[in-house]
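Structure first, commentary second.
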Amino acid sequence: MSTDARAREYRSAVFWLEEAGLITRIYRARKPALPLSADCNFDAYKVSLFDTGLLRAAAGISPDALQSQTPEAAAVRAALNRNALTQSLTAQLKARPAYFETNGRMSADFLIQTGTDLIPAELALNPSRRKSTVKRFAVRQKMPFAVRFSHDNLSFTDGVMTIPLPLADWTAKLIGLTENSTY
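The working numbering puts the sequence shown at residues 3 to 185.
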């Protein structure tokens, strides 16, 4: 959402929907620093619906359409996966995740706060894109490691923990396992 006049019209409706538990807002962090809640831009956020299946149905997207290999179908699948991932992370983490982006130089789909660490995470569904932008982000920001959600197998290689999407509900436990090691 932006801060223009139109966004202000929706402010109370968005607040009501969030309080009712129908949506979740993920705020944009002004800078990747702890604590996340202290430096978020509360006027810039992404919204996700509490149920991804209802989101798909409300958008009028048939299950067959999701099987298509068109770029449009891939974009819809990515949006639905991002929605499901947002709900999963919000439910299991003590601190609400945020996202971070600058003028195209650095970004993280999610910033996860765990104790005294900040961990960037990305949703990477394109199998042809093997380079992890979130790894570069973690190195530049001197973060302990990065998380990549994808269709790949569970692994921890070169400072990137790859978590398969079906294991997204185990993210907090998997990160906790690495906190007890030396990354």
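Where is the CB? At the ideal position from N, CA and C, for every residue including glycine. Note that the structure is a prediction, hence the values are computed from the model and not measured.
(1) Whose C-beta lies closer than 7 angstroms to the C-beta of residue 72 among residues of the same chain, with five residues either side of it excluded?
(2) Between which two residues does the beta strand (DSSP E) carrying residue 115 extend?
(3) Quick one: residues in its chain with C-beta nearer than 8 angstroms to the C-beta of residue 42, no 5 flanking neighbours on either side, listed in chain order?
(4) Once the 5 residues before and after residue 184 are set aside, which same chain residues still bring their CB inside 6 angstroms of it?
(5) Between which two residues does the beta strand (DSSP E) harbouring residue 79 extend?
(6) What residues are listed by DSSP as bridge partners for residue 150?
(7) Run through the DSSP bridge pairs and tell me what residue 26 is partnered with.
(8) Can you tell which of 48, 67, 117 has its C-alpha closest to the C-alpha of residue 87?
(9) In chain order, what residues of the same chain have a beta carbon less than 8 angstroms from the beta carbon of residue 20, not counting five sequence neighbours either side?
(10) Give me the Cβ distance between residue 134 and residue 126, rounded to the nearest whole Å; I'm assuming they're in contact under 8 angstroms.
(11) Just the Cα atoms here: how many angstroms apart are residue 139 and residue 112?
(12) When every heavy atom of the ligand ATP is checked, does at least one fall within less than 7 angstroms of the C-beta of residue 24?
(13) With a Cβ-Cβ cutoff of 8 angstroms, do residue 167 and residue 83 count as a contact?
Reading off the structure:
(1) Walking along the sequence shown from the start, residue 72 turns up at place 70. Within the same chain, residue 72 has no close Cβ partners at all.
(2) Stepping through the sequence shown from its first residue, residue 115 is reached at position 113. It spans 109–116 - the beta strand (DSSP E) in which residue 115 sits, taken as one unbroken run.
(3) Taking the first residue of the sequence shown as 1, we reach residue 42 at position 40. So the qualifying residues of the chain are 29, 30, 31, 32, 100.
(4) Locating residue 184 in the sequence shown gives position 182, counting from the first residue. Confidence at residue 184 is low in this model, with a pLDDT of 49, below 50, so its placement is unreliable and no value can be given for it.
(5) As a working mapping, residue 79 is identified with position 77 in the sequence shown. Taken as a continuous stretch (DSSP letters only), residue 79 belongs to no beta strand (DSSP E), being part of the alpha helix (DSSP H) at 73–94.
(6) Sequence index remark: in the sequence shown, residue 150 carries index 148 (1-based). Bridge partners of residue 150: 124, 164.
(7) Position 24 of the sequence shown, counted from the first residue, corresponds to residue 26. In DSSP, residue 26 forms a bridge with 50.
(8) Locating residue 87 in the sequence shown gives position 85, counting from the first residue. When each option's Cα is compared against that of residue 87, the closest is 48.
(9) By one-based count along the sequence shown, residue 20 stands at place 18. Same-chain partners within the cutoff: 26, 27.
(10) For this step, residue 134 is matched to residue 132 along the sequence shown. For this step, residue 126 is matched to residue 124 along the sequence shown. Indeed, because the Cβ distance is near 7 angstroms, the residues count as touching under 8 angstroms.
(11) By 1-based counting over the sequence shown, the position of residue 139 is 137. By 1-based counting over the sequence shown, the position of residue 112 is 110. If I take the Cα positions, the gap works out to 12 angstroms.
(12) With respect to the ligand ATP, the structure offers nothing, as it holds no ligand at all.
(13) Position 165 of the sequence shown, counted from the start, is the residue given in the question as residue 167. Position 81 of the sequence shown, counted from the start, is the residue given in the question as residue 83. Yes.
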